[in-house]
Amino acid sequence: MKDFHSAKVDIHAIVVGEWSLLIHCGSPSASWFHEHSWAASGQGLAMGLAWVGLCACAVLRYSENCTSNRKRQQVTHRAAFERTSGMPLSMPNVTLTPPRAALPIPMDLFEILNALCTPVWIVLPEAQEILLANRAAIELTGDLTVEEMRHGSLSAHTHEELTAYTPLILSREQVIEIWTVKRGGNRVPLSCRLSSLRIGGQPDAILVEGVISGELKAPVRSREEPSLTQNGNESHFYEMLFRTNSAPMLLIDPASEGRIVDANEAATRFYGYSRAEFSQKHTWEINAIGREILPVMLEIAKLPGGHKPLSFVHRLADGSLRDVQTYAGPVEHDGKRLMLCVIHDITEQKRLKTELERAALRDPLTGLWNRRHLLLLLEQARVQKQLYDIDYSLILLDADLFKVINDQYGHFVGDEVLVTLAKAFEARVRETDSICRWGGEEFVILLPHTRLENAVYLAECLRKTVEQIQVPHLPKVTVSIGVAQHQDDETTESLIMRVDGALYQAKALGRNRVVSA
Numbered sequence: 114m115k116d117f118h119s120a121k122v123d124i125h126a127i128v129v130g131e132w133s134l135l136i137h138c139g140s141p142s143a144s145w146f147h148e149h150s151w152a153a154s155g156q157g158l159a160m161g162l163a164w165v166g167l168c169a170c171a172v173l174r175y176s177e178n179c180t181s182n183r184k185r186q187q188v189t190h191r192a193a194f195e196r197t198s199g200m201p202l203s204m205p206n207v208t209l210t211p212p213r214a215a216l217p218i219p220m221d222l223f224e225i226l227n228a229l230c231t232p233v234w235i236v237l238p239e240a241q242e243i244l245l246a247n248r249a250a251i252e253l254t255g256d257l258t259v260e261e262m263r264h265g266s267l268s269a270h271t272h273e274e275l276t277a278y279t280p281l282i283l284s285r286e287q288v289i290e291i292w293t294v295k296r297g298g299n300r301v302p303l304s305c306r307l308s309s310l311r312i313g314g315q316p317d318a319i320l321v322e323g324v325i326s327g328e329l330k331a332p333v334r335s336r337e338e339p340s341l342t343q344n345g346n347e348s349h350f351y352e353m354l355f356r357t358n359s360a361p362m363l364l365i366d367p368a369s370e371g372r373i374v375d376a377n378e379a380a381t382r383f384y385g386y387s388r389a390e391f392s393q394k395h396t397w398e399i400n401a402i403g404r405e406i407l408p409v410m411l412e413i414a415k416l417p418g419g420h421k422p423l424s425f426v427h428r429l430a431d432g433s434l435r436d437v438q439t440y441a442g443p444v445e446h447d448g449k450r451l452m453l454c455v456i457h458d459i460t461e462q463k464r465l466k467t468e469l470e471r472a473a474l475r476d477p478l479t480g481l482w483n484r485r486h487l488l489l490l491l492e493q494a495r496v497q498k499q500l501y502d503i504d505y506s507l508i509l510l511d512a513d514l515f516k517v518i519n520d521q522y523g524h525f526v527g528d529e530v531l532v533t534l535a536k537a538f539e540a541r542v543r544e545t546d547s548i549c550r551w552g553g554e555e556f557v558i559l560l561p562h563t564r565l566e567n568a569v570y571l572a573e574c575l576r577k578t579v580e581q582i583q584v585p586h587l588p589k590v591t592v593s594i595g596v597a598q599h600q601d602d603e604t605t606e607s608l609i610m611r612v613d614g615a616l617y618q619a620k621a622l623g624r625n626r627v628v629s630a
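Add 113 to the 1-based position in the sequence shown for the numbering used here, that's all there is to it.
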């Protein structure tokens, strides 16, 4: 079998136990299938993108009893998927046949997906929305969103955003995250493998495959797994590597509630504990979330190693907190399976990253989102509309005669006017709404879950609010406003053009008014 860990393909042949599933989505003359296999029980399911064929024909039958006030209802209908992927769910050239049978037996591919005990999600990384999930995944998800599963109390990941994994996945790196899911009414950690796929020409999605506990249960040392009990020079080499490494390193026993068996010199300097003090401690005592880290640690202990480091917050001896990335790999010592943890302090790196992200996405004058970020939010809203039929509207506001204000009072006063307008808008919108400084004296407000009539009502309230602003050293200002609701199958560019046209109509009609498109 070939390894399709993260290959991008659109058509596949899949072997499930003794059944062979052939999916033909392209020209018969082209090379149109790849192979992949796993045990009939679902254990050992690879990250190979043979799943894409199933994904093209599956539908997310997601929780129908999600509360109506959730930002994202996790319900996908057949028509929504067909519209998003551009691929029909009824495919006449899909057959499921035993390898030796002469006649094909048509079957519902969604039922095949659901028959697997391995949980599988297909996620749109930009919007962090679930596109597809099988029954095993739905049972673990409940009413949780991707954001809640990735950033839950029992979660661990390398990157904050799913999109940051793209270079790693494309270079065939092993990417593992720990997600917080629900099992038996309780929240539990679940190891998840991530890989990339493409569906029907749409932007790349991420395949998330839950690693069920039984798959990594046996603590059997592989040939590649290092041992700290080897004879002679090898044992001395590992000891020297541990002691002299400049990175903090901890040797942990997962079977004893994460007891710290040993620590190198770099770890004693970083954490502020002596080796003797470390020997009396457990990992949960240095992790900021305390004992809650134990189920996460046990989940990580099942992993074979070779994955990217995961992010945590650790507490030092003086009580201060540091952001760290920890790589934990299995080692054998005196016949016991331990974890060798290498810790990297990323506190300063994370701070700089936050500052850079803010500079890239925020307007420096008003602190509002900038044009670049709003375009991303608009694309996410468009995808949500396609998937879940969630209405959204757009408001475009422009300060009337702003050039006159700059000419008569100067640009510093003009800047104060813009900041005053930004604060007035922020005070009147919901938390779920997004305000952006579109450019110059123009502002845009994205209103999710909002129909046109409600958007017009809010626009009129904003217009009156601005009209009533009185600041002693600032000139009076009014705004003209355009409003539009996104229409079915409308592009983001078309929506912006319509709301822009409504704004200029408001200007033409005498300013200080609201016009809807």
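Even for Gly, the Cβ is constructed at its ideal location relative to N, Cα and C.
Run the CB neighbour count on residue i, radius 10 Å, all protein chains shown included, and call it buried at 16 or more, exposed below.
{"i": "SER369", "result": "exposed"}
{"i": "PHE117", "result": "At PHE117 the pLDDT is 31, less than 50, meaning the model places this residue with poor confidence; the figure from the coordinates comes in the next sentence. It is buried - the Cβ of PHE117 has at least 16 other Cβ atoms within 10 Å."}
{"i": "HIS586", "result": "exposed"}
{"i": "THR439", "result": "buried"}
{"i": "TYR505", "result": "buried"}
{"i": "MET610", "result": "exposed"}
{"i": "ASP447", "result": "exposed"}
{"i": "GLY199", "result": "At GLY199 the pLDDT is 47, less than 50, meaning the model places this residue with poor confidence and gives no usable figure here."}
{"i": "LYS516", "result": "exposed"}
{"i": "VAL584", "result": "exposed"}
{"i": "CYS305", "result": "buried"}
{"i": "ASP511", "result": "buried"}
{"i": "PRO280", "result": "exposed"}
{"i": "HIS420", "result": "buried"}
{"i": "PHE391", "result": "buried"}
{"i": "TYR278", "result": "buried"}
Does DSSP put residue i in a helix, a strand or coil?
{"i": "ALA430", "result": "coil"}
{"i": "GLY403", "result": "helix"}
{"i": "GLY298", "result": "coil"}
{"i": "ASP520", "result": "helix"}
{"i": "LYS466", "result": "helix"}
{"i": "GLU398", "result": "helix"}
{"i": "ARG647", "result": "Past the edges of the chain, shown from 114 to 630, lies residue 647, and the structure says nothing about it."}
{"i": "ARG263", "result": "helix"}
{"i": "ARG306", "result": "strand"}
{"i": "LEU575", "result": "helix"}
{"i": "ASP528", "result": "helix"}
{"i": "THR545", "result": "coil"}
{"i": "ARG550", "result": "strand"}
{"i": "GLN598", "result": "strand"}
{"i": "SER284", "result": "coil"}
{"i": "ILE582", "result": "coil"}
{"i": "GLU603", "result": "coil"}
{"i": "LEU229", "result": "coil"}
{"i": "GLU370", "result": "coil"}
{"i": "GLU274", "result": "coil"}
For residue i, which option in the options has the closest C-alpha, if you only look at C-alpha atoms?
{"i": "HIS395", "options": "ASN567, GLU239, MET452 and ILE282", "result": "MET452"}
{"i": "GLU554", "options": "LEU616, ILE282 and THR271", "result": "LEU616"}
{"i": "VAL301", "options": "PRO280, THR271, GLY265 and HIS270", "result": "GLY265"}
{"i": "THR605", "options": "ILE518, LEU507 and PHE556", "result": "LEU507"}
{"i": "ARG485", "options": "TYR386, GLU274, GLU290 and TRP551", "result": "TRP551"}
{"i": "SER593", "options": "GLN600, ASN519, ARG435 and THR578", "result": "THR578"}
{"i": "THR533", "options": "SER359, GLU580 and GLN521", "result": "GLU580"}
{"i": "GLY523", "options": "LEU559, PRO443 and PRO588", "result": "PRO588"}
{"i": "ARG541", "options": "LYS415, ILE373, ASP520 and ALA572", "result": "ALA572"}
{"i": "ILE319", "options": "LYS295, GLU290 and PRO408", "result": "GLU290"}
{"i": "LEU488", "options": "LEU608, CYS574 and SER433", "result": "LEU608"}
{"i": "ILE518", "options": "ALA430, THR591 and ASP256", "result": "THR591"}
{"i": "ARG311", "options": "GLY371, VAL236 and ARG296", "result": "VAL236"}
Name, in chain order, the residues that DSSP records as bridge partners for residue i.
{"i": "PRO561", "result": "TYR505"}
{"i": "ARG475", "result": "TRP482"}
{"i": "PRO443", "result": "MET452"}
{"i": "SER424", "result": "GLN438"}
{"i": "ALA376", "result": "LEU363"}
{"i": "SER593", "result": "ASP511"}
{"i": "ARG457", "result": "A quick correction: the sequence has His, not Arg, at residue 457. Answer is GLN438, bridged to HIS457."}
{"i": "SER629", "result": "VAL596"}
{"i": "GLU290", "result": "CYS305"}
{"i": "VAL324", "result": "SER304"}
{"i": "ILE319", "result": "VAL236 and SER309"}
{"i": "ALA269", "result": "ILE291"}
{"i": "ILE243", "result": "VAL236"}
For the stretch 375 to 388 and the stretch 465 to 479, state whether three or more C-beta atom pairs, one from each stretch, are separated by less than 8 Å. no
Evaluate the contact criterion for the stretch 469 to 480 versus the stretch 224 to 237: three or more CB pairs, one atom per stretch, below 8 Å. no
Measuring CB atoms only, is the stretch 274 to 291 touching the stretch 520 to 536, in the sense that at least three cross pairs come out at less than 8 Å? no
For the pair the stretch 350 to 361 and the stretch 405 to 413, tell me if three or more CB-CB distances fall below 8 Å. no
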